[in-house]
Structure formats: C-alpha cells, structure tokens
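Below: the structure, in structure tokens.
Numbering (this note's numbering), first residue to last: 92 to 562.
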C-alpha cells in the first residue's frame, strides 16, 4: 500500500482531510471512521490517521473527488462542535499507531541499559503479576482470526515488545531507546571518521563508550589551537552577530511541501519509554540541537560538505553512541530537570565544540546554547524543523546517514507525537538561564585566556618601544 500525500485543516464543526491520489476510481474509495481513528482505502493508496478527538460520519460528512487535480477531500464532523483539534500539521503524530487499549501497557527495560532504576523494576514486576488469569487464557484461535482480518484490511496489528536478548550475548544495543544494532558491524570498512569506538562499536558497554569518548576528547584538545582562536577572534565575533532564522517568531507556522513529504516517509512506531528513558531523551535532544546550532551558525544556515561531519562529531550519541544518561532522576517527578544535569549535558557539548571543529571558542559555544534555548522556546514545530534539516544533511552523506537511521528519524517522530510543548518551553527557559563556568570544562580555559592576553600586551608594548626607538 502507498501512503498518499495529505493535509488536514478544520472549521468550527468539521475536520477536512485533503488526500492526493491521482488516477483512481472514486467509486472504489472505502472510508471508515471509528471515534479518533480514520481509515481511507482507495487502491493502491491507504491512509490511517489517529486524531486527538473523536469524529463521526453523519449527514454533514462529505467525500468529494476531483479528477482534474487528483485530490480526494473528506469533510468529517466533529463529535463535539467547536472543539479545536491541535497538531493537525504534525503528520507523524497523525500517522502514529493508536495505542492498543485492550492490551496492558508494560514499560520494558531497554536492552542496552546496564543499570536500571530499582523502582521501575519493582513497578514493572508488580504490574506483570497483576495481569488477570482471564487475560492469560485468551482464545488463540480468536486472536489468529483477528490478525488475519486486520492484515486483509491493513488495520493496526497487535504488537508485543520483543524479549530482551540473553545477558550472555556480546551484542550491545544503541540509538533511540536502545532499539538498534548491527549498523556498525563493518564500520572499519567505511570512511567513518567520527566513530570513536573503532571496530568494537557493536560490543562496547555503556561504560566503555563513555571512557573512550572522554579519552578521545582529551587527545584532541589542543591548547595552542584554543589560544589562537581566542587571540584572532574577528571572524568568530562576526558569527556571533548572526541570528538564526528559527529563533525568530514565526506567524502562522507551516511546514513546506518538502518537509511534509519527508515526514510521510518517517517510520511509524509506538514508543514504550519508561519515565527515566523519556527524561534522558529530552537531555539527548539538547545535544542534537546544540550540534545543529553550531553547524548552522558557523555556516550561516548554508550547509557545506563538512556539515554532516560537524553534526556527527559534536553529538556524543553519534560519535561514541554515548547519549546523556542521568542517574539522578526523581521518581516522584521524572520530567523535572536539575540545573546540575543540564549543565553536565551542555559541558559535554561545549567540550566537543572546543576540541574538534574548525572554530573553537567558548563564547561561540555560549551562542549555540542560546540558539538551543530559542528553538525550544518556539515549541515542538520549530524543534522538528531543526531535526528535519539535520536529517537532510545526514541523509545526503554516504556514511553518516547511519546516524539519521538510529537517532534522528525516531526523534522526528517522537518529538511530534510524544514530546510536550510545555516541557520544551520550560526546558528552553532553563537552558537560557544556565551559567556554564569555564572551570567546569576541565581544560583551564581561564588560565589560557589570561596567558594569551598577557602575550598580546607584551607584543603591543614591544611594538610601541620599537616605534619610539625608530623615531
């Protein structure tokens, strides 16, 4: 089945779905409305949308096909007239599967996580034991019949979270919610210059990944390079005056046709994340946005052939498969972020921006952090736009596209369907108010800057003396 291009809008009483399906027979269209779920089948196209509020088919509902334009327009009545349907422009959210209500939702521990919060384990065990005997004795023949019927109509099939692998396996998992593996089995045969794990990328433990990342940062740190950029910072200061277009207020935000086309091709998944995993996803999102902000600011939003390298190098979740992993998540309020953990997250990004790319400046890193705050303060739509641009850069690289597959694709979907605008706005405020001390970077930046200024003053005095002698 082909997922067609589509868009949604609304009036006071209805939701209008416009579907591009050229060269079809309008008489063959099948439309099914079940509360929030709308399914449209017109061979060879199939579209299933899950709205936030229920719709109904009544006398006011209409379906009109225009063969000259190829658009099928559906007008479906809102069950509650006047209700505002949010996020009609977030296509990935509309396409996301509806949670399987009849089945109990169980939060599973991610395969690649080596240290699991004990409270979550106890909670998971308690809910598992509470499953009723009746649930365990479901008639298998009825279940098979349901699956066959769903397959014929391309409905949502019931899915189960796969069993975690045996702990004796050397295979480790990584990427979004540790759902991926196998992407780096032949990494030594590719020109992946950002991979810091070498041939062991598939088997490194979480602790080994972090150790190798820190070791590589120490090896790449160059005091003379930093001092040179601190002394000759004319171009860097020009970069500081540039304003990112995505941090400006945008009236009537709309995704472009190209962005909508990319969102239609994104994977459609239901993410069963624990509160701790969700907490860490927000922290990881900050590091992705920082890398994007650095690349955008240093190229002034005009990507170069080096842009994919820059983004991948500055993102620890890419280069070392080492995303932020906070161990101090509040059980009572897991979506509260402390100043310390936010600072720790940005310190990692600062260190990488000072050790690897072309421009290595603390004040430039500060500007990128403020860009991140600006993206977040504009909500999930702007954040998704940033992620889509990052995805576009990575997808066009013959090696680094892999990081789009294991991280960015899922983040695009998750941000639209699961991230909270209020949470992003709150994070934006916290990020803007952060104060990152130079001493927290660990590379005696203040001493190096003072030494640079002293050298410049001596050279200036020497030039003055030479000028006096010649006079």
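Don't be surprised by glycine CBs; every beta carbon is placed ideally from N, CA and C. From a predicted model like this one, the values you see are computed outputs, not experimental measurements.
Is it buried or exposed, residue 395, if we count other Cβ atoms within 10 angstroms and call 16 or more buried?
Residue numbering aside, residue 395 sits at position 304 when the chain shown is read from its first letter. Classification for residue 395: exposed.
Unbroken beta strand (DSSP E) runs of length 3 or more, entirely within the region 259–336: which are they?
If only complete runs of 3 or more residues are kept, the region 259–336 shows no beta strand (DSSP E) anywhere.
Member of 523, 117, 496 whose CA lies at the smallest distance from the CA of residue 357
Taking the first residue of the chain shown as position 1, residue 357 is located at position 266. Per the Cα distances, 496.
Using a threshold of 8 angstroms, state whether the C-beta atoms of residue 406 and residue 430 are closer than that.
Within the chain shown, the letter at position 315 stands for residue 406. Within the chain shown, the letter at position 339 stands for residue 430. Here residue 406 is not near residue 430, since their CB atoms are 8 angstroms or more apart.
Should residue 448 and residue 385 be called a contact, given that it needs their Cβ atoms to be closer than 8 angstroms?
As a position in the chain shown, residue 448 is number 357, starting the count at 1. As a position in the chain shown, residue 385 is number 294, starting the count at 1. A contact, by the Cβ cut-off of 8 angstroms.
Spatial distance of residue 413 from residue 511 (CA atoms)
Position 322 of the chain shown, counting from 1, holds the residue named residue 413. Position 420 of the chain shown, counting from 1, holds the residue named residue 511. Distance between the alpha carbons of residue 413 and residue 511 is about 24 angstroms.
Suppose the cutoff is 7 angstroms on Cβ atoms and the five residues either side in sequence are ignored; what does the same chain contact list for residue 308 look like?
To locate residue 308, count along the chain shown from 1; it is residue 217. In the same chain as residue 308, and ignoring 5 residues on each side of it, the C-beta atoms closer than 7 angstroms to its own belong to 442, 443, 446, in chain order.
What is the DSSP secondary structure of residue 133, counted as helix, strand or coil?
Residue 133 sits at position 42 when you count from the first residue of the chain shown. It is a strand residue.
What is the DSSP secondary structure of residue 346, counted as helix, strand or coil?
Residue numbering aside, residue 346 sits at position 255 when the chain shown is read from its first letter. If DSSP states are grouped into helix, strand and coil, residue 346 belongs with coil.
Could you tell me the distance, in whole angstroms, from the CA atom of residue 301 to the CA atom of residue 93?
On the chain shown, position 210 is the one that residue 301 refers to. On the chain shown, position 2 is the one that residue 93 refers to. If I take the Cα positions, the gap works out to 42 angstroms.
Collapsed DSSP secondary structure at residue 487 in the structure displayed:
Sequence index remark: in the chain shown, residue 487 carries index 396 (1-based). Per DSSP, reduced to three states, the secondary structure at residue 487 is coil, with no helix or strand assignment.
Beta-carbon within less than 8 angstroms of residue 294's beta-carbon, same chain only, minus the 5 sequence neighbours each way: which residues are those?
Here residue 294 corresponds to residue number 203 of the chain shown, with the count starting at 1. Closer than 8 angstroms at the Cβ level, and outside the excluded window around residue 294, lie 261, 262, 263.
Residue 157 - partner residues in DSSP beta bridges:
Translated into the one-based positions of the chain shown, residue 157 becomes position 66. BP columns for residue 157 point to 162.
7 angstroms CB neighbourhood of residue 463 in its chain, flanking five on each side removed
Within the chain shown, the letter at position 372 stands for residue 463. Once the five neighbours on either side are set aside, the close Cβ partners of residue 463 are 377, 380, 381, 384, 522.
For residue 438, report the span of its alpha helix (DSSP H) as first-last.
As a first step, residue 438 is located in the chain shown; it is residue number 347 there, counting from the start. Note, residue 438: alpha helix (DSSP H), 430–446.
Three Cβ pairs or more, each shorter than 8 angstroms: is that satisfied between the region 306–326 and the region 415–424?
As far as the Cβ criterion goes, the region 306–326 does not touch the region 415–424, which means the pair count is below three.
What residue from 454, 439, 182, 520 has the CA that sits closest to residue 532's CA?
On the chain shown, residue 532 is found 441 positions in, with the first residue counted as 1. The shortest Cα separation from residue 532 among 454, 439, 182, 520 belongs to 439.
Give every residue of the same chain whose Cβ lies closer than 7 angstroms to the Cβ of residue 109, excluding the five residues on either side of it in the sequence, and list them in chain order.
Taking the first residue of the chain shown as 1, we reach residue 109 at position 18. Same-chain partners within the cutoff: 97, 98, 162, 164.
Hey, could you find the ends of the alpha helix (DSSP H) residue 504 is sitting in?
Here residue 504 is taken as the residue at index 413 of the chain shown, counted from 1. Residue 504 -> alpha helix (DSSP H) spans 500–508.
Would you identify the three-state DSSP class for residue 101, choosing helix, strand or coil?
The residue you call residue 101 lines up with position 10 of the chain shown. In the structure shown, residue 101 sits in a strand (DSSP, three-state: E or B).
Can you name, in chain order, every residue of its own chain whose Cβ lies under 7 angstroms from the Cβ of residue 355, other than the five neighbours on each side?
Here residue 355 is taken as the residue at index 264 of the chain shown, counted from 1. Taken in chain order, the residues that qualify are 94, 96, 182.
Anyone know if the C-beta pair for residue 287 and residue 410 falls short of 8 angstroms?
Residue 287 sits at position 196 when you count from the first residue of the chain shown. Residue 410 sits at position 319 when you count from the first residue of the chain shown. Less than 8 angstroms divides the Cβ of residue 287 from the Cβ of residue 410.
If you follow the beta strand (DSSP E) that residue 124 is in, where does it begin and where does it stop?
The residue given as residue 124 occupies position 33 in the chain shown. Start and end: 121–125.
So, are the CB atoms of residue 127 and residue 152 less than 8 angstroms apart?
In the chain shown, residue 127 corresponds to position 36, counting from 1. In the chain shown, residue 152 corresponds to position 61, counting from 1. Residue 127 is not a Cβ neighbour of residue 152, given a cutoff of 8 angstroms.
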